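The next block holds one structure in the form of structure tokens; read it before the comments.
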Amino acid sequence: MEPSPDNRILFTLHWRPMTLHLFIPGLLARLPEWQRDYGWTPHAPALQALLSGASRASADPDPATGVAGLLGVRGSAAAFRRLGQGDTAQPGWFCADPVHLRTDVDSAVLIEAEHLGLALGEARQLRDELLSLFAADGWCLEVGDATYWYALPPAGLLPPPLPAVALMAGEDVGNSIRTASQSTAWKQFYAELQMLLTQSTINLEREARGQSAINALWFWGAGEQPRVGRATVASVLTGEPVQVGMAHAAGVPVAMPEPQAALSAAGDALVYLDTLRGAAAYDDIEAWEQALAELDARWFAPLVQALEHRQVDAIALYADGTRWQAGRRRGLARWRREQPLTQSLGLEAVR
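Residue numbering for the sequence shown is 1390 to 1740, as defined by this note's numbering.
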């Protein structure tokens, strides 16, 4: 049944373009390596349909930078993460996250605490064991939860600037540590810290159970207090503390990521999904494929339908330094053969 002219006019008056900004770290990072080593290609029919014909451009490899830009905020990751955990943003604090460095002669691969099964009770006891060193040197050390710690250094003992722990997970961080600017006082402090971690009761118990020790703290994310500009999105859907904190600072409503909530948002929306990052970081292709299949069914398929029915005007997908912009295909373009997913992702076709 055709809508009446009055209904068509009403639809025109109330419809407005809506862009959904979708951040999926870990979507692209390992694919060239897996394709080269295993002759493997990803399979995701809805993602293929979504990206077929989409424009592709470079983006910042750190998704937090892209999120901050859309929310119009600037500041330190430590401050935003504390806000996202329900705390207050305080100047001078670093993220000081517990990690395991898997070392050999030539490398030191970083493993995050969330992949080590560190319990909150263990984290608090480990923190108490470290307080003798931290308090003596004028530090404050707090446990936000088992995996997110914070440290406030004294004047003259600043940690070297290091990348975000999520960007370095599963990577050899030896060169980052060696090349970071380090004072003599810091080197001495960190040597004492590593000795305490080696002797920690918690770590000895973990090793006796066959678990990896927490043998380092990764200091990162310090900087200026949050500064707020103008947000270009009206809502944020994520459960990740840094991004939640950015949204709180910007005064933008936050909810957990659900497809229907994203598609019914009043205005442009930002969705941050972290379900692929861990599997990609730790080279777990089986877990990555399973997570991609779930994303394809739960998110990408509804998004394709939303584009076709003009529920959204455009979808911007950000992943590992690349940005795709997908819109509704019109006219003859709707009947063209879909572009292979490998081509849309910028990968070479496997022969």
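Think of the CB as a built atom: it goes at the ideal place given N, C-alpha and C, for glycine as much as any other residue.
No experiment lies behind these values; they were computed from the predicted model shown.
With respect to the 8 Å criterion, V1631 and V1641 are not classified as neighbours on the basis of their beta carbons.
Residue range 1444 to 1447 is occupied by the beta strand (DSSP E) that includes R1445. Just measuring C-alpha positions, the residue of L1460, A1433, Y1671 sitting nearest A1623 is L1460.
Where E1422 is concerned, the enclosing alpha helix (DSSP H) starts and stops at 1420 to 1427. The distance from the Cβ of G1455 to that of F1483 is about 22 Å, inconsistent with a contact at the 8 Å cut-off. Where G1716 is concerned, the enclosing beta strand (DSSP E) starts and stops at 1711 to 1716.
By the criterion of a C-beta distance shorter than 6 Å, P1691 is surrounded in its chain by P1648, once the five residues flanking it on both sides are discounted. Under the DSSP definition of a beta bridge, F1412 partners with Y1661, Y1707.
Classified as exposed, N1564 has fewer than 16 neighbouring CB atoms from the shown chains inside 10 Å of its CB. For Y1539, the enclosing beta strand (DSSP E) covers residues 1538 to 1541. For P1642, the three-state secondary structure derived from DSSP is coil. It is roughly 11 Å from the alpha-carbon of A1658 to the alpha-carbon of A1620. Linking L1499 to G1506 through their CA atoms gives a straight-line distance of about 15 Å. According to the DSSP assignment, P1487 belongs to the beta strand (DSSP E) that extends over 1483 to 1492.
Going by beta carbons, L1440 and A1651 fall outside the 8 Å limit. Annotated three-state conformation of E1581 is helix, per DSSP.
Where A1605 is concerned, there is no enclosing alpha helix (DSSP H), although the beta strand (DSSP E) around it starts and stops at 1605 to 1609. Per DSSP, the beta-bridge partners of R1463 are R1616. Q1437 is classed as buried because its beta carbon has at least 16 other beta carbons within 10 Å across all chains shown. Per the C-alpha coordinates, the member of H1504, A1478, A1524, P1452 positioned closest to L1490 is H1504. Taking a contact to require three or more Cβ pairs closer than 8 Å, the region 1528 to 1544 and the region 1509 to 1516 qualify as touching.
Here the C-alpha atom of E1675 lies approximately 34 Å from the C-alpha atom of P1550. Rounded to the nearest whole angstrom, the C-alpha separation of L1586 and L1606 is 9 Å. Contact annotation: P1450 and G1710 have beta-carbon atoms nearer than 8 Å.
In this structure, the beta-carbon distance from L1530 to A1574 does not fall below 8 Å. At a Cβ-Cβ threshold of 8 Å, A1435 and D1685 count as neighbours. Within the same chain, Cβ atoms closer than 7 Å to the Cβ of S1465 are found at G1610, A1611, G1612, E1613, the five residues on either side in sequence being excluded.
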